[in-house]
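S.K.:
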Amino acid sequence: MKITRSMVLVSSDPLSLQRGSLEIYRRFQEKLESYQLAEEVALSTITDVGNTEASPVVVIYPEAVIYGPVQPENVDRLVSEHLYKGHIVEEMLVPKRHLPSRMAWLQSRKGSLPAQQRILLARVGKIDPENIEDYILHDGYQALAKALSKMTPQQVIEEISKSGLQGRGGAGFPTGRKWSFVASAPGNKRYVICNADESEPGTFKDRVLLESDPHAILEAMIIAGYAIHAQEGYIYIRGEYELSQKRFLKAIEQAHEYGFLGKNILGSNFDFEVHLHSGAGAYVCGEETALIESIEGKRGEPRSRPPYPTTHGLWGQPTLVNNVETLANVPPILLHGAEWYRRFGTPSSPGTKVFTILGNVNATGVIEAPMGITLREVINIYAQGMKNGAAFKLAQTGGSSGSLIPASLQDTPLDFDSPRKAGVSLGSGALLICDDNTCVVDLVKVLLRFFRFESCGKCTPCRIGTQRCYETIRAITEGGGQLSDLDGLLRLAEQMERLSNCGLGQTAAVPIRDMLKHFRTEVEAHIRLGICPTGICRMVPEDETAELIENQMV
Amino acid sequence: MKDQSTKDLPIAAIVEAAIEKHGTNYDAFIPILLEVNKAVGYIPLHALKEIRLRVRAPEDGIFVNEGRLYSLSSFYHMLSTKPRGRHVVIFCESAPCHVVGGRQVWQALKENLGLKAGETSEDGKWSLVTTSCLGTCGVGPVVVVDDEIYGNVTPEQVPEILARYE
Amino acid sequence: MISLKINGIPVEAPEGTTVLRAAEQAGIEIPTLCDHRDLTPYGGCRLCVVDVKGWRFPMASCTLPVAPDMEVTTESPALVESRRTILELILSNYYDAGYEDSLGETQLMRWAKRYGVDPAKVMLKKPRFAVNSDPNPFIWVDMNKCILCTRCIRACAEIQGRFVWSLVERGFDTRVVAGADTDMLDARCESCGACVAYCPTGALNNKMSLSLGLPDKVVTTTCTYCGVGCQLDLNVKDGHVVRVTSNPNAPVNGMHLCVKGRYGYDFIHHAERLTKPLVRQYLLEGTPRPKGRGEWVEVDWDTALDIAARKLAGTRDAYGADSVGVLASAKCLNEENYLMNKFARQVIGTNNIDHCARL
C-alpha cells in the first residue's frame, strides 16, 4: 500500500458547490500533479461540514486545519505553502466564529492519517508471532505485570471504564461496565471467554490479530481474568482458522513456560488457565449465548435473554464474553492509561477501529483507523479508489447484517454514535464497497441466502422468515416479482426484527429495509419493467440458485 | 448409508485418540467430532456409537446418545454426516466474493467438475460444496481444495487448479 | 416474592417464575405453542411475546423471568399483528394431508382461529415428508404437521428420560428425527407416548385412535396395570374406548403414562376376553383327566372357587406345602396382595410367593 502523507478534503455540500468548490477540487488535482505531490497527498471531497459562512472549506490532515472561504485562485498558495513547504497559511484559516460543531469535530481528529495511529495492529507484521520473547521486547506482558503488581482488580476495571472502550463485536456495549457486571455477579466460578468466532462475511480482522499477535489477546484475557476474579478462560476460535488456532496454542504453551499462565502468576497469587475451543462451522455461534452453548457441547442455538451471560453464562456461572478486537485494546489502555487512549477517535467513541476493506476497489485488506473516519476517506485513501475508475454505488458496513450505505451517505462518520443516527451500523468493521456494476437486488438475495443458511432454526421468525424473504427476492431477480411483494417484504422484515430471539434474525431485516429505502427505484425496475438495470439478474427462473439451496448442507 | 469406504479405518482408535486429547466432558463433544471428521472425511454412524460407548461418566451426570451426536454433526457445517470425495472443493458464496466475480468462478467449477452443489463424483474423487465466508475475503473469489486456499480466482484458472489433484 | 404488573393487574410470583406462568396464575392467558408447564422453557415459537416497559421489542414471556416492578402488556394491536405473522409463518410450512386424525381442534388450530389466520389459505400445497413415516406400532408420525416446537424432544428427555427425539440440520432445513435419523424403536423408544401427549399439532398421534373419531365422553380412572396408580382419561365413544389421554391434573403421574397405560387397552373390547369363570369339564364331573385335558365349561364363581380350593388342598396334602407357589398380580390392589400373602403363608403354609412386577 502506498504511504499517504497528507489528505485534502474539499467541501462539496450544495452551498459550496454553488460557490465553486468543484473548480477548487480541479485546481488541487492540477497543482498536486505539477508539484509531483499526487502520490503522497490524497484528495477527496466532504459533504457533511455543516452549513457555514466560510464555505467552501478545505480541510487538510494530519494537521487538521480548516481553510475557508477558499477561492479557486487560493489553491496554488495552499499547495505551495502548506503541502509543499509545510507552513500553515494563517490568514486563510476559518475564523473561529464560523466553526460549527461539526468542523470542530473534524479538527479534533488531528493526526489521523493512514498507518500513523496503530494501537491494535502495532506489532502486526513486525514481530514473530510464534516467539514470546519478541512480544515481550515489544511491550508484551507489561500491562499484565503492571495490573498484577500495582493495581487492584477494581482499579483495572475503573481504568477500562475511564477509557470509554466499547465492545468491538458490533453492539458497542461499554466494556468497563460489562466487566464490573461480571465481577459483582454472585457465583462459585467465573469465566472469561474470548469470542474469536469471526464469521461475519467480509470480516477477518480477528484472524489477522490472532495470527500476527496472539500473545496480545492472551495477555488481555489474563488481565480480564484478574479483573473479574476468574480462574479459567476459553477462547472460541472459528474452525476454519487453523493457523490462528495453531499460533494461539503455541502462545498458551509459551506463556505457561514464562509464568504468565498457571498458578501464582508473577508471584501475585493469581491463578489462570486458558482453553482453546474450536468452532465447527456455524455463523450463529458468534452470538455470545450460542457460543456458550457450543462450548457446552450443544447445537449453537442462542439462549433467551435475560438472564445474560454476565450472570448466567458458561455452565450457568457469571461469564465475560469479549470480542478479540475489544480485548486487543486492553493491554495498551492499561500500559498508557485511559487518558492517552481517549486522544484517539471521537469523544463518544474513543480509540481506533480495525476495518476490512473489500469489493470493487484498488486495495483490499485490513486497516486501523481512528473512530469517526468516513467511508469516503476509506475509499479514496486507504482503498486507493474504485477499481477501473468505476463509480461508487453502495457499501455494506459490518458484514452481512450491516447496513447498505448509498453514495449519498458516504460522509457519515463511522463510529458508534453517528451511524445510529443516520440509520447505518458499524457492526464488525467490514466495509464491502461496490461499484455501479452491482445490482442491489442480487446482492441482497445473496445476503438473504446466507441468513437462511446460517439461521440456527430455533425461532419461527428467523427460521421461516429468512426463507420467505429469500424466496421473494429471488423471484424478483428471476422476473417473477410483484409490486405488492415489496410491502410484504417490509412488513415481514419488521416482524423479524421485533420477534427474533437473537441478532441474526433481527439484523437479517436490515439489508431488506435499506434496499427499499435507498434503492427502491432500482428494485421496482425489476418488477415494473422486467429488467435488471445493471444487467446482473438474468430475469428468468434459475435452477442454479434453487440447487444451491437444496444441497448446501453436506 | 453403508460405510464401505471406512472399512479399513481404525475408527475406534481414532475416537480413542480424540478422547485422550479432549477428555469426555461436555465441552469435548464437538472437538471429538471434529477429529473424527478430519481423520475419516466425514462422521460415520458407527463412529457415533464408538463415541457413545466411551463418553460415560454417570457419577458426573455425563452421558451421550447417538442422536445427540448426530444432531451436532448435522448442525455444524464443518462436520459432514455423509461420505465425501477424496478431494473436497469448497466455494465461498458470501457477498464479498460474489461482488468480485464469484458467480463466474462457481459456474466454471460446476462445469469443470460436472457436479452440482453438494454432489460427489461417481468415482469418489471430487465433492463440490458451498460454504459461507472463510475469512479470506481480501482475496476473493476464494476456492478451497482440501486444505489449500486459492484466492483471486478467475474462471480461467479453475481447470489449472483442479489439475493439481490426483 | 416478586411484585409486578401484568395488564395493570398487580401480580406476585416467586423468583424464577416466568412471566407466562405468572400471568397464568393471575388468570391471564398468553398464547403459546412451544411452552408447557411440565417442560423446560424453550422460547422457540415466539407466539407468547409480550410488551415489557423499557424494552424496545417484545419479549418471549415463556423464558422471561419476572423482575421487580416489571410492567407487562400481554395483548395490543401490535402484538396481535406479531402473533398473526408468527402463525402465518408456521402455517406456511405446514401441510395437512386431509386424513381424519380424531384430535378435534389442536392447539395450533385454536390459535390460528383466534387470530384470524386461515390455514387452508396459507399452508403448503404439497407435502414435504411422507405421512406415517415411522413403523412404531403405537405412534403415528406425520412431520408435515411439525412446527419444531420441540415439545416432543423435551418430553422424551425430561419426562421419560429416553432421549429418542432430536433436531437435525439447521435453519429452514431443521427437522425432528428419532436417534441418528433412524426409526423410533431403533432409537430405543419405549412407546410411552409422552411425545404424543405434548404435541400441539397432531404431527404425533396415536395410531390406534387415528380414525375412530372424537369421544362422546371422557372417564377419568386409575390405570389397572400396576401399583403406581396412575390416573388417565378413557376417551369413550359409543361405549368403546377410542383413546387414552393423559389427565394433566393426575396427582401421581401428571401427564406421564407408560406404554401399558396409554396403549394397552385393547383387551377391554377383545373378543377373547374372559368375562366368566371357566373350568375343565372333567374337573366338574370328577372324571379322570382325558387326553388334551378336555373342554372348558362356564360356571359360577362358587363352583370355580370350590374346585380350585379342593385341588390346592389336595396338592398340599399329597406333596407338602412347598409344592405350591403363589404369584400375585400388579393389577391387584395393595390390600388384595396383602391377602394373597396371608393366603400363601398362613393358609397354604409356604413362603413361595412372588409378584409379577419382578418377572
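Protein chains in written order, with the numbering used here: chain A, 3 to 556; chain B, 946 to 1111; chain C, 35 to 393. All C-beta atoms, glycine included, are put in the ideal place defined by N, C-alpha and C. Just so you know, these numbers come straight off a predicted model, no measurement behind them.
Between C/Gly22 and C/Lys179, is the Cβ-Cβ spacing less than 8 Å?
M.R.: Only positions 35 to 393 of chain C appear in this structure, which leaves residue 22 of chain C out of reach.
S.K.: Looking at A/Gln497: is its Cβ nearer than 8 Å to the Cβ of C/Ser116?
M.R.: For A/Gln497 and C/Ser116, yes; Cβs fall inside 8 Å.
S.K.: Does B/Glu1011 pass the burial test, meaning 16 or more other C-beta atoms within 10 Å, or should it be called exposed?
M.R.: B/Glu1011 comes out buried.
S.K.: Return the first residue and the last residue of the beta strand (DSSP E) that A/His217 is part of.
M.R.: Where A/His217 is concerned, there is no enclosing beta strand (DSSP E), although the alpha helix (DSSP H) it sits in stretches over Pro216 to Ile230.
S.K.: Given a cut-off of 8 Å, decide if B/Asp1005 and A/His279 are closer than it, judged by their beta-carbon atoms.
M.R.: Taking 8 Å as the Cβ cut-off, A/His279 and B/Asp1005 do not qualify as a contacting pair.
S.K.: Here's the rule I'm using: 16 or more other beta-carbon atoms within 10 Å means buried, otherwise exposed. How should C/Trp89 be labelled?
M.R.: So C/Trp89 counts as exposed.
S.K.: Quick check on A/Ile466 - is its C-beta less than 8 Å from some C-beta in chain C?
M.R.: So yes, A/Ile466 belongs to the interface.
S.K.: Using only the alpha-carbon positions, how far apart do C/Ile387 and C/Asn371 sit?
M.R.: One C-alpha to the other measures close to 10 Å.
S.K.: Look at the Cβ atom of A/Glu456, then the Cβ atom of C/Gly205, and state whether they are nearer than 8 Å.
M.R.: Yes, these two residues count as a Cβ contact at 8 Å.
S.K.: A/Ala432 to A/Gln398, Cα distance in whole Å?
M.R.: If I take the Cα positions, the gap works out to 8 Å.
S.K.: Assuming C/Ala231 is part of the alpha helix (DSSP H), what are its boundary residues?
M.R.: Here the alpha helix (DSSP H) through C/Ala231 covers Ala228 to Tyr232.
S.K.: Spatial neighbours of C/Phe172 within its chain, please: CB distance less than 8 Å, with the 5 preceding and 5 following residues excluded, ordered by chain position.
M.R.: Cβ within range, chain order: Ser225, Gly227, Asn240, Lys241, Met242, Val293, Arg296 and Tyr297.
S.K.: Go through its chain and collect everything with a Cβ distance to A/Ile369's Cβ below 6 Å, but skip five positions before and after it.
M.R.: If we look at A/Ile369 and ignore the five residues flanking it on each side, its Cβ neighbours are Phe357 and Tyr384.
S.K.: Residue ranges of each alpha helix (DSSP H) run of no fewer than 4 residues wholly in the region 128–193 of chain A, ordered along the chain?
M.R.: You should have 134–139, 144–152, 155–165 and 177–186.
S.K.: Got a sec: is the Cβ-Cβ distance from B/Pro976 to anything in chain A below 8 Å?
M.R.: Yes, B/Pro976 counts as interfacial toward chain A.
S.K.: State the Cα-Cα distance for the pair C/Ile120 and A/Gly404, rounded to the nearest angstrom.
M.R.: Cα to Cα, the separation comes out at about 25 Å.
S.K.: In terms of DSSP beta bridges, what is C/Asp388 paired with?
M.R.: For C/Asp388, which the question treats as bridged, DSSP gives the partners C/Leu361.
S.K.: Name the DSSP bridge partner or partners of A/Pro352?
M.R.: According to DSSP, A/Pro352 bridges with A/Gly347.
S.K.: Please confirm whether A/Pro309 has its beta-carbon closer than 8 Å to some beta-carbon of chain B.
M.R.: No, because no Cβ of chain B sits closer than 8 Å to the Cβ of A/Pro309.
S.K.: Got a sec: is the Cβ-Cβ distance from A/Gln469 to anything in chain C below 8 Å?
M.R.: Closer than 8 Å to some Cβ of chain C, the Cβ of A/Gln469 qualifies, so yes.
S.K.: Express the C-alpha separation of C/Met374 and C/Ala362 in angstroms, rounding to a whole number.
M.R.: Near 7 Å, if we compare the C-alpha coordinates of C/Met374 and C/Ala362.
S.K.: So A/Glu234 is in the beta strand (DSSP E); what residue range does that whole segment cover?
M.R.: Segment Glu234 to Ile239, the beta strand (DSSP E) holding A/Glu234.
S.K.: Quick one, are the C-beta atoms of A/Tyr528 and A/Val443 less than 8 Å apart?
M.R.: The question names Tyr, yet the displayed sequence has His at residue 528 of chain A. Yes, the pair counts as a contact, with Cβ atoms nearer than the cut-off.
S.K.: So, is A/Asn271 buried or exposed, given that buried needs 16 or more other C-beta atoms within 10 angstroms?
M.R.: Exposed is the call here.
S.K.: Along the chain, which unbroken stretches of the beta strand (DSSP E) at least 3 residues long are found entirely within the region 191–233 of chain C?
M.R.: 199–202 and 209–212, all fully within the region 191–233 of chain C.
S.K.: Whose C-alpha, out of B/Lys966, B/Lys994, B/Gly1080 and B/Arg1031, is nearest the C-alpha of A/Pro203?
M.R.: Answer by Cα proximity: B/Gly1080.
S.K.: Using a Cβ-Cβ cutoff of 7 Å, what residues of the region 272–300 of chain A are near chain B? List them in chain order.
M.R.: Listed in sequence order: His279, Ser280, Ala282, Gly283, Ala284, Tyr285, Ser296, Ile297, Glu298 and Gly299.
S.K.: Output, in sequence order along the chain, the residues in the region 176–203 of chain A whose CB is closer than 8 Å to any CB in chain B.
M.R.: From the region 176–203 of chain A, only Glu200, Ser201, Glu202 and Pro203 have a Cβ closer than 8 Å to chain B.
S.K.: What distance in whole Å lies between the Cβ atoms of A/Gly281 and A/Arg644, which are believed to be in contact at a cut-off of 8 Å?
M.R.: This structure does not reach residue 644 of chain A, given that chain A is present from 3 up to 556, and the question cannot be answered.
S.K.: By the 10 Å Cβ neighbour count, where 16 or more other Cβ atoms means buried, how is A/Glu259 classified, buried or exposed?
M.R.: With fewer than 16 other Cβ atoms within 10 Å, it is exposed.
S.K.: What ranges does the alpha helix (DSSP H) occupy inside the region 357–433 of chain A, keeping only unbroken runs of at least 4 residues that lie completely in it?
M.R.: If we require 4 residues or more, the alpha helix (DSSP H) runs fully inside the region 357–433 of chain A come out as 420–424.
S.K.: If A/Cys504 and A/Cys441 are in contact, beta carbons under 8 Å, what's the gap, nearest whole angstrom?
M.R.: Rounded, the Cβ-Cβ distance is 29 Å, inconsistent with contact.
S.K.: Determine the direct distance from the alpha carbon of C/Met143 to that of C/Ile36, and round the result to whole angstroms.
M.R.: Cα to Cα, C/Ile36 sits roughly 34 Å from C/Met143.
S.K.: Just the Cα atoms here: how many angstroms apart are B/Val1090 and A/Gly283?
M.R.: Rounded to whole angstroms, B/Val1090 to A/Gly283 spans 17 Å at the Cα level.
S.K.: Please confirm if C/Arg204 has its CB atom under 8 Å from at least one CB of chain B.
M.R.: Yes, C/Arg204 lies at the interface with chain B (some Cβ there is under 8 Å from its Cβ).
S.K.: For C/Cys287, is the classification buried or exposed, using 16 other Cβ atoms within 10 angstroms of its Cβ as the cut-off for buried?
M.R.: Reading the sequence as shown, one finds Asn at residue 287 of chain C and not Cys. With 16 or more Cβ atoms within 10 Å of its Cβ, C/Asn287 is classed as buried.
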